[in-house]
Amino acid sequence: MLFADAQWMKAGTVGMTMHSDNAMNRFLASVERRALRMAEFSVRDRDEALDIVQDSMMALVQKYASRPEAEWAPLFFRILNSRIISWHRRRQSRRRWLWFGNELQTDADDDTDGLPEAEDRQTPDAWLQAHSLRERLEAVLKQLPLRQRQVFLLRAWEGLDVKATAQAMGCSEGSVKTHYFRAMARLREVLGEDLS
Amino acid sequence: MNRVSDEVWLRPVREALNEGVESLDAATLSRLNRARQQALAVRRKSPWQRLAWPLAGVSCAALLSVAVVPALRVSEPMADPLSAQTWEWLEDAPDADTADSIRFLLELDGALSS
Chain A
1 MLFADAQWMK AGTVGMTMHS DNAMNRFLAS VERRALRMAE FSVRDRDEAL
51 DIVQDSMMAL VQKYASRPEA EWAPLFFRIL NSRIISWHRR RQSRRRWLWF
101 GNELQTDADD DTDGLPEAED RQTPDAWLQA HSLRERLEAV LKQLPLRQRQ
151 VFLLRAWEGL DVKATAQAMG CSEGSVKTHY FRAMARLREV LGEDLS
Chain B
1 MNRVSDEVWL RPVREALNEG VESLDAATLS RLNRARQQAL AVRRKSPWQR
51 LAWPLAGVSC AALLSVAVVP ALRVSEPMAD PLSAQTWEWL EDAPDADTAD
101 SIRFLLELDG ALSS
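These protein sequences, in sequence, are chains A and B. Numbered by the numbering used here, the letters in the first sequence go through residues 1 to 196 in order. Numbered by the numbering used here, the letters in the second sequence go through residues 1 to 114 in order.
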C-alpha cells in the first residue's frame with residue numbers, strides 16, 4: 001500500500017514537473033525572439049545578445065520556475081535587463097582598465113550613438129526616405145537611452161502594463177511613465193507622424 | 001499637422017519590430033532553441049544530480065582533513081620529568097614544608113630559564 005502510494009506520488013510529481021516544464025517551454029518560446037532583439041538593440045552584437053538571453057532563461061528556470069506563470073514575464077525581463085546592464089558595466093570597466101581615454105569619453109554615454117549620421121551624411125529627409133521603417137526604427141531605438149528603450153519595448157511591444165514594466169525594470173511606476181513618454185516623443189519626432 | 005493617437009501610431013511600429021523578429025536566420029533560431037532546451041534541462045535534473053558536485057566536494061574535503069590533519073598535528077612537548085637529583089633532594093628533605101620549598105624553587109628556576 002505504502003509502495004503504491006509512493007509510486008502514485010512520484011508519478012504525480014513527475015506529471016506536475018512535466019506540466020510546468022511544458023508551460024515554461026511555451027513561455028520561453030514565446031518571448032525568446034523578442035528578448036533576443038531587445039538585447040541586440042542594447043549590445044549591438046548577436047552572439048553577445050544570444051548569451052545574455054540564454055543566461056536569462058537559465059536564471060528564470062533555476063530560480064523562479066516555481067512562481068506563478070503570470071509572474072514569469074516581468075521576472076524574465078527583469079533578469080534580461082539586469083544582464084544587459086551588467087554587460088554594459090563590464091564593457092565600461094574593461095575599457096577603463098585598458099585606458100582608452102578618448103573612446104571612453106565618447107562611448108561612456110552608450111546611448112548617444114546609433115543614428116547613422118556619419119554613414120551617409122544625408123539630410124534627415126533623405127535619410128528617412130532611403131531606409132525602410134524597420135531600419136529607421138531600429139536606428140532610432142539604438143539611439144535611445146537604455147532605460148527609455150527598454151521601457152518602450154516592454155510597454156509597446158511586449159505589452160506589459162505600467163506595473164509589470166516597473167517590476168521588470170526595478171523602478172517606480174512614475175519612472176516608467178516618464179521614460180515611456182520621452183521615448184515616444186523622441187520616436188515620433190524622428191520617425192514622423194505618418195508612418196504609412 | 002494632426003497628431004494621431006499613440007495606439008494608432010504604434011501599430012506600424014509593432015509590425016516593423018515583428019518583422020525584425022521574423023527575419024531571424026535559421027542558425028540564430030536553432031541557437032535560441034538549444035539555449036531554451038539547456039535551460040529546461042537544468043530543471044529536469046533530480047535534486048541528487050544537482051547536489052552531486054557539492055557533495056563530492058564536501059566528501060573530498062572531509063577525506064583530506066582526515067588524512068592530512070593528523071600528520072600536521074605537532075606533538076606537544078612532554079613535561080620534563082624530575083631529574084634523579086631533584087628526587088634525591090625531595091627525599092632528603094627533613095619535612096614536607098622543605099620539600100614544598102624545594103619544589104617551588106625548582107619550578108621558579110624552570111619558569112625563569114624558559
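Note that the Cβ used here is the ideal one computed from N, Cα and C, for glycine as well. Fair warning: this is a prediction, and the values are worked out from it, not measured in the lab.
With contacts defined by Cβ atoms closer than 9 Å, A:L36 and B:L24 form a contacting pair. Taking C-beta atoms as the reference points, B:Q38 and A:Q54 count as a pair closer than 9 Å. Within the segment 143-173 of chain A, the complete alpha helix (DSSP H) runs of at least 4 residues fall at 146-152 and 162-169.
Residues of chain A whose Cβ lies closer than 8 Å to the Cβ of B:G20 are, in chain order, R37, R134 and E138. Within chain B, the C-beta atoms nearer than 9 Å to that of A:A156 come from D6, L10, V13, R14 and L17, in chain order. With a threshold of 16 other beta carbon atoms within 10 Å, A:S56 meets it and is buried. Judged by DSSP in its simplified three-state form, A:L187 adopts helix.
Secondary structure at B:V58: helix, using DSSP grouped into helix, strand and coil. When C-beta distances to chain B are compared with 7 Å, the residues of the segment 49-67 of chain A below that value are L50, V53, Q54, M57, M58, V61, Q62 and A65, in chain order. Shown here, A:A139 sits in a helix according to DSSP, grouped into three states.
Residue state for A:E193 is assigned as coil, using DSSP reduced to three classes. Just so you know, the alpha carbons of A:V43 and B:W53 end up roughly 34 Å apart. A residue is called buried when at least 16 other Cβ atoms come within 10 angstroms of its Cβ; B:P94 does not meet this threshold and is exposed. Within its own chain, the residues whose Cβ lies closer than 6 Å to the Cβ of A:L141, once the five positions on either side in sequence are excluded, are F41 and R149, listed in chain order. Not flagged as an interface residue toward chain A: B:A26, since no C-beta distance is shorter than 9 Å.
When C-beta atoms of the segment 161-173 of chain A are compared with those of the segment 18-32 of chain B, fewer than three pairs fall below 8 Å, so the two segments do not count as touching. Of all C-beta pairs linking the segment 22-34 of chain A to the segment 1-15 of chain B, fewer than three are shorter than 8 Å, placing the two stretches out of contact. For the pair A:W72 and B:R36, the Cα-to-Cα distance works out to about 15 Å. If you compare the alpha carbons of A:D51, A:N22, A:S20 and A:D21 with that of B:L32, the shortest gap goes to A:D51.
One finds nothing in chain B with a Cβ atom closer than 8 Å to the Cβ of A:L80; even the nearest lies about 13 Å away. Following the DSSP letters along the chain, one finds B:V8 inside the alpha helix (DSSP H) bounded by residues D6 to E22. Residue-level contact check: B:A62 does not touch chain A, since none of the beta carbons of chain A fall below 9 Å from its beta carbon.
Chain B has no Cβ within less than 9 Å of the Cβ of A:L160. Here B:R43 really is in contact with A:A65; their C-beta atoms are around 6 Å apart, less than 8 Å. Contact between A:P74 and A:L160 holds, with the beta-carbon distance rounding to 7 Å and staying under 8 Å.
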